Amino acid sequence: MSTITNRSNYVVSVPRQPQLTKTFPFNKLAAVKAYLQELKADGHKGAVSQAENCIQVRVRRKGHKEQFKTFDSYEDADRYVKRADAEQSVGLFQDYTRAMHVTTAELIERYIKEECPKLRGSDTYATVFRAMLEDSRNELRQRIEQRKKEMKELGHTVTPLGAMRQPMAALEWLHKPLAKVLATDVEDFIRERLDQVAPSTVARQLDMLRAVYNVAINTWGYVVARHPLQGVRRPSFFNERDRRLKDGEEERLLQAAREEDRLRSIELCTQELMEGARKQAAKADTVYQHKRVVKEAYEAARRQALETYKHVAFYEAFLLFQLATAARRGETLGLCWDRIDKTKQTAFLPQTKNGRPRYLALRMDILVCLEGLSRDSDLVFDVGVKELRTVWARICEAAGVEDLTIHDLRHEAISRAAESGLFPSVLDLQAFSGHRDLRSLSRYTHIMPTAVARKLDEAEAQRQVANGRERLKVSEMMRANEPVASETPREVEPQGTQEVLNATNVVQWDFRNRADSKQA
-5 MSTITNRSNY VVSVPRQPQL TKTFPFNKLA AVKAYLQELK ADGHKGAVSQ AENCIQVRVR
55 RKGHKEQFKT FDSYEDADRY VKRADAEQSV GLFQDYTRAM HVTTAELIER YIKEECPKLR
115 GSDTYATVFR AMLEDSRNEL RQRIEQRKKE MKELGHTVTP LGAMRQPMAA LEWLHKPLAK
175 VLATDVEDFI RERLDQVAPS TVARQLDMLR AVYNVAINTW GYVVARHPLQ GVRRPSFFNE
235 RDRRLKDGEE ERLLQAAREE DRLRSIELCT QELMEGARKQ AAKADTVYQH KRVVKEAYEA
295 ARRQALETYK HVAFYEAFLL FQLATAARRG ETLGLCWDRI DKTKQTAFLP QTKNGRPRYL
355 ALRMDILVCL EGLSRDSDLV FDVGVKELRT VWARICEAAG VEDLTIHDLR HEAISRAAES
415 GLFPSVLDLQ AFSGHRDLRS LSRYTHIMPT AVARKLDEAE AQRQVANGRE RLKVSEMMRA
475 NEPVASETPR EVEPQGTQEV LNATNVVQWD FRNRADSKQA
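Just so you know, my numbering puts 200 at position 206 of the sequence shown, and the rest follows in order with no gaps.
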């Protein structure tokens, strides 16, 4: 059974006396009557009306808790009642009340505990979610303001900042009941967020929110009449890159990488030579003596390292490895020595971006290059992402190369493979690149127009048939223009055929002479 109740405010008004208009809650009918009596005593005739902007529906079903839902109009309330009655008639009655007693913030906290540990990159997801929860309470913004106040009054800060980021705005809706979250709430957040970060970042955060809502609705059983993100317009962006290496850039990058390897090798040798000096410095009586001993030992070890260091082509090998295998950065940095099979010339990647293991094909020259690396660690390329990013920036600057990322090397490798023509089908190219979806692979196959033109020239030169007829070489075409001396008289042709043969645009060819020349 469903009942509809108007819980809108009462309005008491007096004609041509707007200053006497008063509004009363729907449950203050006694106060309305008292005000009418007061107006009547003053000689005014009051009129009572009730708005229709707060319509409550009460749904009672046997075996279910009562449901209360509020609408802005009678029409919306009536549609809800009809739908609830229809669901009951076919046994599909659903409890919408749970979505009124849980907030998005509570769902996010549960998602962090139960779902994030199952995901790759769970720490990253949890960090972003916690930042959203923190900013929905304006905690970071309050700390920033407090630190500004402390700096102004004390000359230094006392309150820890807690995060090196800009606070997100317009997240108050995270604390609204799930059933009351509107598309406009989310779009306000999108609008504010786009002033701080790239559209692709906002799109990823929307995907994360969608994952939370989908689990809440499909798995946790929260029933809503409308998905909170339904109608939300995602920011449009295009971040696909087609950066290719230009003429001379690869050589300059390799040269810069060798110089970076030289400095790295010298520094590693210096640190090895300083091991004894550090133990001696630890026995110093004062900090000043400790620093002096370390400084003198470092200068001496540095001079010795310049003469005795062993060059290890670490970053040069990394660069060549990327261009040869088209591996993702994370796949390369996670590669272990025990997963390289020299006999089969493969490297096994147990975990990739798309969740499927795969093998990298290693050329022999790449295996030889890897042999020159040290094996102090289980990892082939034992370097952190932050350090690698810093070194890569130095290499590009030294090489005079602009706007080139490490991931662009993967794009370059796949594009070279596509240009080579050694992969008979797109599936073979997909096996090389490790893409799960062919649509993702298409963005990496921007074959250079010049290479395409050259291949077309080669194909045209090798083609022997044109329009169903045998294609002649230039020398044969020249011979075709010479008069042909027939060995036997030609038979008399019909009049129409003879006219066609004597036409100026027809070349006569004696195939018997050509056959004899081939046999000779």
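Where a beta carbon is used, it is the ideal one built from N, C-alpha and C, also for glycine.
A quick note: this is a predicted structure, and the numbers were derived from the prediction, not measured.
Restricting attention to alpha helix (DSSP H) runs no shorter than 4 residues, the region 267 to 308 encloses them at 269 to 275 and 281 to 302, ordered along the chain. Secondary structure at residue 409: helix, using DSSP grouped into helix, strand and coil. As far as DSSP is concerned, residue 148 takes part in no beta bridge.
Counting the other Cβ atoms within 10 Å of the Cβ of residue 61 gives 16 or more, which makes it buried. The residues 3, in chain order, have a CB closer than 7 Å to that of residue 19 in the same chain once the five nearest residues on each side in sequence are set aside.
When C-beta atoms of the region 126 to 135 are compared with those of the region 147 to 166, three or more pairs fall below 8 Å, so the two segments count as touching.
Residue pairing from DSSP places residue 18 in a beta bridge opposite 4. Per DSSP, reduced to three states, the secondary structure at residue 97 is strand. When the beta-carbon positions are compared, residue 314 and residue 223 stay at least 9 Å from each other. Pairing residue 391 with residue 317 gives a Cβ-Cβ distance that is not under 9 Å. In the structure shown, the three-state DSSP call for residue 44 is strand.
For the pair of segments examined, the region 293 to 311 was found to touch the region 254 to 272: the number of CB pairs separated by less than 8 Å reaches three. The Cβ-Cβ distance between residue 299 and residue 261 falls below 9 Å. Pairwise C-beta distances place the region 166 to 182 in contact with the region 221 to 235, as three or more of them are shorter than 8 Å. In the DSSP annotation of this structure, the continuous segment of the alpha helix (DSSP H) that includes residue 178 starts and ends at 177 to 187. DSSP lists -3 and 62 as the bridge partner or partners of residue 52. In terms of Cβ geometry, residue 284 and residue 348 do not form a close pair [threshold 9 Å].
Counting every other CB atom within 10 Å of its CB across the protein chains shown gives residue 108 a total below 16, marking it as exposed. Of the residues assessed, residue 414 falls on the exposed side of the cut-off, its CB having fewer than 16 other CB atoms within 10 angstroms.
By the neighbour-count definition (other C-beta atoms within 10 Å, threshold 16), residue 251 is a buried residue. For the pair residue 279 and residue 295, the Cα-to-Cα distance works out to about 23 Å. Between residue -1 and residue 52, the gap from beta carbon to beta carbon is short of 9 Å. About 5 Å separates the CB atoms of residue 144 and residue 152; that is less than 8 Å, so the two are in contact. For the pair residue 311 and residue 329, the CB atoms are not nearer than the 9 Å cut-off. As DSSP reads the structure, residue 352 sits in a beta bridge with 343.
Take residue 333, set aside five residues on each side of it, and the residues of its chain with a beta-carbon closer than 8 Å to its own are 341, 342, 343 and 344, in chain order.
Shown here for residue 228: same chain residues with a beta carbon closer than 7 Å to its own, the five before and five after excluded, namely 197 and 200 in chain order. Residue pairing from DSSP places residue 373 in a beta bridge opposite 330.
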